[in-house]
Ligand code: GDP
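In the numbering used here, the protein residues as written are 670 to 968.
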């Protein structure tokens, strides 16, 4: 029995490995439903999603007897239905240019890498891209951003370590405007330990941006590390307080990934999910495909 839906515990696992004993039934009984609900919760999909799926399964009659694929498909459909409304790539449609994309998230979440991946994506779409090193707190962050920019053949506007982030952003927007750049991607500090400071810094960046273009920032993208599981959900909550998050990129969905957390995030916050990170190289950003993820989660 434990093998039954244990597979769901891994994103890449199978929902059901052994349905022997179920095949003669036309309905899932409450013990089956408990087991599935539990597996969904353990897979980080969250209690609200788990109970929604449970109810859906409880209402199903399996006229030809229960089968693994039948159950799996219902779960897959429910997950895809939750994810579909939030799957939205970033559109480059700001006028006047540049479109300013503020990227926020805790250190280590994959923020810098995601900025490089996004830059690469926009370059491939023939947009002019520039980066701004708004995380002036960490010299390493500035350096890392510059290395990516050099590889991509684009410019980074940066200031001295410990300098004023809003000043860097101001300079960057001026340069980007002067050079007819389409997309300016701004890195920001990820010091969630000091919420007040971070909030002030982001507010200041916002004020400075607003003076140059009342519409900016056009996007505030929160980068989250899928391997942190439930922690990613608390980060959404906190960052929603400190900045007006407009969308999410979830990283590290390769490897030990726990894609379920994306479902929980979609259900709980309804924020657009722009893309997912599936590796460390520049090409490892994927458009967010609800059906793919639903299939990956259910095996
Ligand atoms: P930052 O501190 O938020 O700027 O994080 P970085 O961009 O420096 O990334 C932290 C680490 O995570 C680096 O070793 C990255 O190569 C790695 N990383 C970022 N995105 C992904 C991803 O989608 N998958 C995997 N496996 N690693 C990633």
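Every residue gets a Cβ at the ideal spot worked out from N, C-alpha and C, and that includes glycine. Predicted model only: the values in this text are computed from it and were never measured.
Proximity winner among the options, relative to residue i (alpha-carbon distances)
i, options, result
"residue 851", "932, 767, 906, 882", "767"
"residue 792", "821, 717, 901", "821"
"residue 929", "896, 762, 730", "896"
"residue 876", "968, 835, 730", "835"
"residue 708", "788, 744, 890", "744"
"residue 720", "754, 706, 731", "706"
"residue 797", "769, 907, 815, 913", "769"
"residue 915", "751, 758, 789", "758"
"residue 776", "860, 931, 953", "860"
"residue 696", "968, 731, 711, 725", "731"
"residue 747", "733, 726, 761, 825", "726"
"residue 790", "943, 849, 908, 961", "943"
"residue 940", "738, 884, 918, 950", "918"
"residue 890", "738, 733, 699, 760", "760"
"residue 899", "699, 700, 710", "710"
"residue 1030", "871, 872, 884", "The requested residue 1030 does not occur in the structure, where the chain is confined to residues 670 to 968."
"residue 774", "878, 923, 862, 879", "862"
"residue 951", "729, 819, 962", "819"
"residue 949", "794, 962, 728, 924", "924"
"residue 913", "878, 872, 922", "872"
"residue 839", "739, 879, 931, 795", "879"
"residue 795", "698, 849, 740", "849"
Host alpha helix (DSSP H) of residue i (start-end)
i, result
"residue 914", "Run containing residue 914: none; DSSP gives neither H nor E here."
"residue 923", "Counting along the chain, residue 923 falls outside any alpha helix (DSSP H), and DSSP gives it neither H nor E."
"residue 746", "737-752"
"residue 784", "780-793"
Own chain partners of residue i with C-beta closer than 6 Å, once the 5 adjacent residues on each side are dropped
i, result
"residue 842", "881"
"residue 668", "Since the first residue of the chain shown is 670 and the last is 968, residue 668 is not available in this structure."
"residue 723", "702, 706"
"residue 694", "735"
"residue 665", "Nothing can be reported for residue 665, as the shown portion of the chain is limited to 670 through 968."
"residue 817", "785"
"residue 806", "858"
"residue 763", "887"
"residue 961", "none"
"residue 931", "919"
"residue 825", "800, 802, 814, 815, 818"
"residue 909", "none"
Same chain, Cβ closer than 8 Å to residue i, neighbours up to 5 away in sequence not counted
i, result
"residue 920", "778, 779, 782, 783, 892, 893, 894, 895, 945, 946"
"residue 703", "none"
"residue 856", "772, 780, 781, 784, 800, 801, 802, 803, 804, 810, 814"
"residue 808", "830"
8 Å contact criterion, which residue i and residue j should meet: CB distance rounded
i, j, result
"residue 853", "residue 823", "With a Cβ gap of about 11 Å, residue 853 and residue 823 do not count as contacting."
"residue 956", "residue 771", "With a Cβ gap of about 21 Å, residue 956 and residue 771 do not count as contacting."
"residue 804", "residue 858", "5 Å"
"residue 742", "residue 954", "The pair is not a contact, with the Cβ atoms about 29 Å apart (cut-off 8 Å)."
"residue 907", "residue 864", "7 Å"
Contacting residues, own chain, Cβ-Cβ under 7 Å from residue i (five flanking each side not counted)
i, result
"residue 933", "713, 714, 715, 718, 902"
"residue 689", "Here residue 689 scores only 42 on pLDDT, less than 50, and its place in the model should not be relied on; the value that follows carries that caveat. Nothing meets the Cβ criterion."
"residue 938", "905"
"residue 959", "749, 752, 753, 756"
"residue 964", "745"
"residue 922", "895, 928, 945, 946, 947"
"residue 832", "805"
"residue 739", "731"
Start and end residues, beta strand (DSSP E) containing residue i
i, result
"residue 891", "888-894"
"residue 772", "768-773"
Entirely enclosed alpha helix (DSSP H) segments - the region 798-886, minimum 4 residues: 808-821, 834-847, 864-881
Quick check for students: name the residue ranges of the alpha helix (DSSP H) that lie wholly in the region 706-735, counting only runs of 4 or more. 716-727
Contiguous alpha helix (DSSP H) assignments of at least 4 residues, all confined to the region 929-965: 929-938
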